[in-house]
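At position 20 of the sequence shown the residue is numbered 22 (the numbering used here), and the sequence of numbers has no breaks.
Since the structure comes first, as structure tokens, the remarks are kept for the end.
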Amino acid sequence: STTVTVTNKDGSTTTELVDGKARAGLNNLEIGGRNLLTNPVYFLADGSVSNGITFNRTSNPSAWKIKGTATSTVNVSLIGFTNTSTPTDSTILLKEGQTYTESVKVEGSWADGAYLDVGISNSSGSWLSQVNLHPNTAKSHTFTATAEQYALRYWNFHIPSGESVDCTVYCKFEIGNKATDWTPAPEDVQAEIDSIEIGGRNLFLNTV
């Protein structure tokens with residue numbers, strides 16, 4: 003038998019027997035990488051406070067800064083959707099038979115009891131995918147679309163009373179059955195570039 007050893011980013015290693023089912027598993031690996039989350043409908047204003055937890059937007063719509071101690075149970079929607087059958091910037095076109103992965107990454111301190119409720123629904127409000135992601139344990143979820151349709155997305159934040167967080171949360175939705183490192187959607191990168199204003203010309207006359 004042949005073995006393949008993979009060195010992970012944290013320095014740990016994973017060894018697989020490249021034989022039978024193990025080989026089939028490697029052959030069936032699908033990796034996308036492109037973040038499909040862009041132009042969300044914001045349910046929270048920047049700087050909103052809910053039961054002691056402050057939510058601040060970052061420069062990217064799929065990332066949030068979250069900080070504070072919950073004075074009572076927190077249950078808020080970060081980004082979401084409007085229920086409509088008309089495709090908008092807040093919808094994603096799912097392809098029938100295509101596999102997708104939802105994932106979350108956290109930088110900073112995350113409470114053990116806190117989680118993100120993430121999902122995709124169709125325009126009628128029926129869930130196509132719904133799961134609780136706990137960044138300390140379950141960080142991703144994979145599902146296969148059963149039909150081609152426009153889907154609406156949401157990310158809800160939950161934290162039990164008395165728990166504390168101080169972190170940045172990064173959300174990602176991509177094609178494939180493997181969660182990859184967070185990257186912004188290309189459209190959002192371009193939007194940041196388009197918004198840059200550079201002057202350079204000194205407007206004071208007759209100066210040295």
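Think of the CB as a built atom: it goes at the ideal place given N, C-alpha and C, for glycine as much as any other residue.
All values derive from a computational prediction rather than experimental measurement.
- Under the DSSP assignment, ASP168 falls in the beta strand (DSSP E) whose first and last residues are 166-177.
- C-alpha of THR146 to C-alpha of GLU176: approximately 12 Å in a straight line.
- Runs of the alpha helix (DSSP H) lying entirely within the region 72-140 and spanning at least 4 residues: none are present.
- C-alpha of VAL51 to C-alpha of THR71: approximately 11 Å in a straight line.
- Just so you know, the alpha carbons of GLU165 and TYR172 end up roughly 20 Å apart.
- In this structure, ALA181 and THR60 do not form a Cβ contact; the two beta carbons are roughly 20 Å apart against a cut-off of 8 Å.
- The Cβ neighbour count for ALA65, taken over all protein chains shown within 10 Å, is at least 16; the residue is labelled buried.
- Following the DSSP letters along the chain, one finds SER61 in no beta strand (DSSP E), marked with neither H nor E.
- Under the 10 Å beta carbon count, ASN77 is surrounded by fewer than 16 other beta carbons and is classified as exposed.
- A straight line joining the alpha-carbon of LEU80 with that of PHE45 spans about 6 Å.
- The closest CA to that of HIS143, considering only GLY49, ASN62, LYS174 and PRO188, is found on LYS174.
- Beta-bridge annotation (DSSP): SER52 is paired with ILE55.
- Cβ-Cβ distances below 8 Å link CYS169 to LYS67, ILE68, LYS69, VAL108, GLU109, GLY110, SER111 and TRP112 in the same chain, with the five nearest sequence neighbours on each side left out; the list follows chain order.
- By the neighbour-count criterion, in which 16 or more other beta carbons inside 10 Å mark a residue as buried, GLY49 falls on the exposed side.
- Under a 10 Å Cβ-count criterion, TRP129 is classified as exposed, with fewer than 16 other Cβ atoms of the shown protein chains found around its own Cβ.
- Secondary structure note for ARG155: its beta strand (DSSP E) is the uninterrupted segment 151-161.
- Distances from the CA of THR56 to each of ASP114, ASN37, PRO137 and VAL167 were compared; the closest alpha carbon is that of VAL167.
- Boundaries for THR148: no beta strand (DSSP E) harbours it, and the DSSP string shows neither H nor E there.
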